[in-house]
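Residues in the sequence shown are numbered consecutively from 272, following the working numbering.
Quick reminder that beta carbons are idealized off the backbone N, C-alpha and C, glycines included.
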Amino acid sequence: MKVLIIGSGGREHALAWKLRQSSRVTKLYCAPGNGGLAEEAECLPVDVKNLDSLLALGNSIRPDLTVVGPELPLTLGVVDEFSRRGWRIFGPTKAAARLESSKSFAKAFLQRHYIPTAHYAVCNSVDDVQKALSHFHTPVVVKADGLAAGKGVVIARNREEATSVSADMLSGKMLGEAGSKVIIEECLKGEEISFLVISDGERVAPLVAAQDYKRVGDGDTGPNTGGMGAYSTKTMLDDQMRDWLVHHIAQPVISGMKAEGTDYKGVLYCGLMMTARGPMVLEFNCRFGDPETQPIMMRLESDLAEALEASIEGRVSDGEFRWSSDASVCVVMCSGGYPGTFEAGKKILGLAETAKSEGIKVFHAGTAKHDGTYFTSGGRVLGVTAKAADISTAVQHVYDAIARIGFEGAHYRNDIAARAVKK
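So, in structure tokens, the structure goes:
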């Protein structure tokens, strides 16, 4: 079958790499793709922010299956429109994607369905913020209500900082329309876990868990980013905890959405904090995480195309996936200045040599290819990913691989999965 992947990042490269391994996939397209993705799929130029452009592309190639990578096309209603035309597409509808596109909607939904989450207040003005802060201990979390590419969350150390950040968000200066409302939230303590499931609108099939690193600097310092790295191991969640998360968080979300008149089909990413009070929901994403997808796909042994079709056709089962017992880790190499202003067009060296390394896969994100040479074209450039029998070996291999890759201004975190290695 012909498969179309919408998106251009490392997540989409990982999905394309895994889908290409399926005997069911005969032709693979990616729109718009990136320099490295062209190794896995035919890349087609399209503006993913423009629904008409996506519909024109769909009409042109008539894919048998479409997979949506980033969040914006979902909120534009690409699933609704493709489905209306009879084109099979993996992902939630515009209404279902509100779980990600509106944090205030998600928090109210969690409250209605008694799914554990942090205490919160929704604020429409600085006055609202100041009143709400009197009910919270500091530090406190300030979140933009709308989509902010992973950069709409700030941990404020005191009330003055929380008020200032909220004012910047609400004014539109910081995040535009995404900050038209803010959520003030209790700052939870514990280990963060990314827990993803595939759903057909009724049932769920869990993927292996992962942990991502959002802050730009070592030791979780500096501003939030789209993600600086992630890892996944078989010991991250035991079977008992996995089942608890399915029955007390993931399944109640899917059942709750259905009860409220909206079937949720696709992947549901539950960002969780494992606290002393138990697991609590920090956020939902309505698509595969980036960079969590990279180590998860490295560990996946079953046919991804079959699982995505099961979601669309209403036949998901708990044993949908087979997994390697190996550990996997992804470290993101970024352009100098990211997540702030950065320069593109830097020549990337060492990719061919690194590609020969066993257990290493370099997933491209912000890259372009000209005359056989790769150049940087975005903030997050490469997701260097390793798989090995244990996390210590995987970490050693991934940083050995990074040492062989270079471009001007490159930076990355040196402590991805460090806590797991010490355990």
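Go ahead and pull the three-state DSSP assignment for Ser599.
In the sequence shown, counting from the first residue as 1, residue 599 sits at position 328. Of the three classes helix, strand and coil, the one that applies to Ser599 here is strand, per DSSP.
Tell me which residues share the same chain as Gly248 and place their Cβ nearer than 8 Å to its Cβ, disregarding the 5 neighbours each side in the sequence.
This structure does not reach residue 248, given that the chain is present from 272 up to 694, and the question cannot be answered.
Which runs of the beta strand (DSSP E) at least 3 residues long sit entirely within the region 380 to 459? Give them in chain order.
391 to 394, 411 to 415, 424 to 427 and 453 to 457
Which residues does DSSP list as the beta-bridge partners of Asp351?
Residue 351 sits at position 80 when you count from the first residue of the sequence shown. Answer by DSSP bridge pairing: none, since Asp351 is not bridged.
Is the region 533 to 544 touching the region 354 to 372, taking contact as three or more C-beta pairs under 8 Å?
yes
Quick one: using the 10 Å Cβ neighbour count with 16 as the cut-off for buried, is Thr492 buried or exposed?
Along the sequence shown, one-based indexing puts residue 492 at 221. With fewer than 16 other Cβ atoms within 10 Å, it is exposed.
With 16 other CB atoms within 10 Å as the buried threshold, where does Tyr243 fall?
Within the shown structure, residues of the chain are numbered from 272 to 694, placing residue 243 beyond reach of any answer.
What does the Cβ neighbour count give for Thr637, buried or exposed, with the cut at 16 atoms within 10 Å?
Residue mapping note: residue 637 aligns to position 366 of the sequence shown, counting from 1. Before going on, a small fix: residue 637 reads as Gly here, not Thr. Label assigned to Gly637: buried.
Alpha carbon to alpha carbon, how far is Thr533 from Gly497? Give it in angstroms, no decimals.
Taking the sequence shown and counting its residues from 1, one reaches residue 497 at position 226. Taking the sequence shown and counting its residues from 1, one reaches residue 533 at position 262. In a straight line, the C-alpha of Gly497 is about 28 Å away from that of Thr533.
Just reading off the alpha helix (DSSP H) that Gly549 is part of, what are its end residues?
Against the sequence shown, residue 549 aligns to sequence position 278. From DSSP, Gly549 is part of no alpha helix (DSSP H) but of the beta strand (DSSP E) over Gly549 to Asn556.
Any idea if Gly417 is buried or exposed, counting beta-carbon neighbours within 10 angstroms, 16 or more meaning buried?
Here residue 417 is taken as the residue at index 146 of the sequence shown, counted from 1. With 16 or more Cβ atoms within 10 Å of its Cβ, Gly417 is classed as buried.
Give me the DSSP bridge partner(s) of Gly654.
Within the sequence shown, numbered from 1, the residue matching residue 654 stands at position 383. Note: Gly654 sits in a beta bridge opposite Val603 and Phe634.
In whole angstroms, what separates the C-alpha of Gln565 from that of Ala481?
Translated into positions along the sequence shown, residue 565 becomes position 294. Translated into positions along the sequence shown, residue 481 becomes position 210. Each residue's alpha carbon lies about 10 Å from the other.
Specify, as a first and last residue, the run of the alpha helix (DSSP H) that Ser526 falls within.
Translated into positions along the sequence shown, residue 526 becomes position 255. Per DSSP, Ser526 belongs to the alpha helix (DSSP H) from Gln522 to Ala530.
Could you check what DSSP says for Phe361 in three-state terms: helix, strand or coil?
The residue labelled residue 361 in the question sits at position 90 within the sequence shown. Looking at Phe361 - three-state DSSP - the assignment turns out to be strand.
Below 8 Å, how does it come out for the region 352 to 359 and the region 320 to 332: are there three or more Cβ pairs, yes or no?
Inter-segment contact for the region 352 to 359 and the region 320 to 332 is present: three or more beta-carbon pairs are separated by less than 8 Å.
So, using beta-carbon positions, are Met499 and Arg369 closer together than 8 Å?
As a first step, residue 499 is located in the sequence shown; it is residue number 228 there, counting from the start. As a first step, residue 369 is located in the sequence shown; it is residue number 98 there, counting from the start. For Met499 and Arg369, no; Cβs fall outside 8 Å.
Under a three-way DSSP split, which group does Asn330 fall into?
Here the question's residue 330 lines up with position 59 in the sequence shown. Of the three classes helix, strand and coil, the one that applies to Asn330 here is helix, per DSSP.
Got a sec? Which residues, its chain only, sit under 7 Å from Met551 by beta carbon, not counting five neighbours each side?
Taking the sequence shown and counting its residues from 1, the one referred to as residue 551 is at position 280. Excluding sequence neighbours, Met551 sits near Pro387, Thr388, Ala389, Leu459, Leu543 and Met544.
By how many angstroms is the C-alpha of Met445 removed from the C-alpha of Asp439?
Against the sequence shown, residue 439 aligns to sequence position 168. Against the sequence shown, residue 445 aligns to sequence position 174. Spanning the two alpha carbons is a distance of roughly 6 Å.
At the level of alpha carbons, what is the spacing between Ser588 and Arg690?
Along the sequence shown, one-based indexing puts residue 588 at 317. Along the sequence shown, one-based indexing puts residue 690 at 419. Cα to Cα, Ser588 sits roughly 33 Å from Arg690.
Taking the straight line between their C-alpha atoms, what separation do you get for Thr506 and Val600?
Position 235 of the sequence shown holds residue 506. Position 329 of the sequence shown holds residue 600. The straight-line gap from Cα to Cα measures roughly 14 Å.
So, for Gly549: in the same chain, excluding its five sequence neighbours on each side, which residues have a beta-carbon less than 8 Å away from its beta-carbon?
Locating residue 549 in the sequence shown gives position 278, counting from the first residue. Taken in chain order, the residues that qualify are Pro387.
Any contact between the region 608 to 619 and the region 650 to 667? By contact I mean 3 or more CB pairs, one from each, below 8 Å.
yes
Please name the residue, chosen from His682, Ile687, Ile454 and Ala674, that lies closest to Val666 on a Cα-to-Cα basis.
Along the sequence shown, read from residue 1 onward, the residue named residue 666 stands at position 395. Here the closest residue by C-alpha is Ile687.
I need the boundaries of the beta strand (DSSP E) containing Asp471, first residue and last residue.
Reading the sequence shown from its first residue, position 200 is the one you call residue 471. Glu462 to Asp471 is the extent of the beta strand (DSSP E) around Asp471.
State the DSSP-derived secondary structure class of Glu313, mapped to helix, strand or coil.
Mapped onto the sequence shown, residue 313 falls at position 42. Here Glu313 sits in strand by DSSP.
Excluding the 5 residues preceding and the 5 following Val317 in the sequence, name in chain order all residues of the same chain whose CB lies nearer than 7 Å to its CB.
Position 46 of the sequence shown, counting from 1, holds the residue named residue 317. Cβ neighbours of Val317 beyond the five flanking positions: Ala302, Pro303, Ser324, Leu325 and Leu328.
Going along the chain, which residues of its own chain have a beta-carbon closer than 6 Å to the beta-carbon of Arg474, five neighbours each way excluded?
Mapped onto the sequence shown, residue 474 falls at position 203. The answer, listed in chain order, is Val587.
Locate the beta strand (DSSP E) running through Ser503, then write down its first and last residues.
Locating residue 503 in the sequence shown gives position 232, counting from the first residue. Thr492 to Ser503 is the span of the beta strand (DSSP E), which, as asked, contains Ser503.
Apply the 10 Å Cβ neighbour rule to Gly281 and answer buried if 16 or more other Cβ atoms are within range, or exposed otherwise.
To locate residue 281, count along the sequence shown from 1; it is residue 10. Buried: at least 16 other Cβ atoms inside 10 Å.
Is the region 483 to 490 in contact with the region 425 to 436, if contact means three or more CB pairs nearer than 8 Å?
no
CA-CA distance, Val293 and Leu575?
Indexing the sequence shown from 1 puts residue 293 at position 22. Indexing the sequence shown from 1 puts residue 575 at position 304. It is Ser, not Val, that sits at residue 293 in the sequence shown. Just so you know, the alpha carbons of Ser293 and Leu575 end up roughly 7 Å apart.
Note the first and the last residue of the continuous beta strand (DSSP E) segment covering Arg259.
Residue coverage of the chain in this structure runs from 272 to 694, which leaves residue 259 outside it and unanswerable.
Applying the 10 Å Cβ sphere with the 16-neighbour rule, what's the burial state of Asn429?
By 1-based counting over the sequence shown, the position of residue 429 is 158. Per the 10 Å Cβ criterion, exposed.
In whole angstroms, what is the alpha-carbon distance linking Ala392 and Val412?
By 1-based counting over the sequence shown, the position of residue 392 is 121. By 1-based counting over the sequence shown, the position of residue 412 is 141. Distance between the alpha carbons of Ala392 and Val412 is about 11 Å.
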